[in-house]
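*Asks:* This is the structure I have questions about; it appears just below.
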Amino acid sequence: MDFDDEYDASGLLCPLPVLKARKRLLALADGQILRLIATDPAAIVDVPHFCVQTGYELLNMQDDGAAQVYFIRKH
C-alpha cells in the first residue's frame, strides 16, 4: 500500500506509539496516509481506538514479524 509518511514506533510502549502517530498525522494534509510500525502489544487495541476517537481512517493493519503495521488516512 502506498503511504505519504512513516513512523517506526518499535520499542515504544503505550501511549507513545499513538502520541507519535497523532503528531505525524497532524503534519499531513487531508487524505494523506501514515504508515505506523509498532511492537507494543497494546497497540492492537490502542491504534484502532485512537482512529475511532479522532476520525482518522484505519485502512489496514497487519502483522510483520514481531511488529504490527498500521496504515492510517488523515481526514
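Going by my numbering, the letters in the sequence shown line up with residues 31 to 105, in that order. We put the CB at the ideal spot given by N, CA and C, even for glycine.
To the nearest angstrom, report how far apart P78 and L64 are at their CA atoms.
*Replies:* Within the sequence shown, residue 78 is the residue found at index 48, counting from 1. Within the sequence shown, residue 64 is the residue found at index 34, counting from 1. Taking the straight line from one Cα to the other gives about 14 Å.
*Asks:* From the DSSP secondary-structure annotation, give me the bridge partner or partners of I102.
*Replies:* Residue mapping note: residue 102 aligns to position 72 of the sequence shown, counting from 1. Per DSSP, L64 and L88.
*Asks:* The beta strand (DSSP E) with D35 in it runs from where to where?
*Replies:* Against the sequence shown, residue 35 aligns to sequence position 5. D35 to D38 is the span of the beta strand (DSSP E), which, as asked, contains D35.
*Asks:* Under 8 Å: do the segment 44 to 62 and the segment 87 to 94 share three or more Cβ pairs, one atom per stretch?
*Replies:* no
*Asks:* Quick check on DSSP: helix, strand or coil for A72?
*Replies:* Counting from one through the sequence shown, the residue named residue 72 turns up at place 42. In this structure, A72 counts as coil in the three-state DSSP scheme.
*Asks:* Hey, could you find the ends of the alpha helix (DSSP H) L42 is sitting in?
*Replies:* Along the sequence shown, read from residue 1 onward, the residue named residue 42 stands at position 12. Counting along the chain, no alpha helix (DSSP H) covers L42, and no H or E run does either.
*Asks:* So what does D32 bridge to, in DSSP terms?
*Replies:* For the purposes of this step, residue 32 is taken as residue 2 along the sequence shown, with counting starting at 1. Looking at the DSSP assignment, D32 forms no beta bridge with any residue, so it has no partner.
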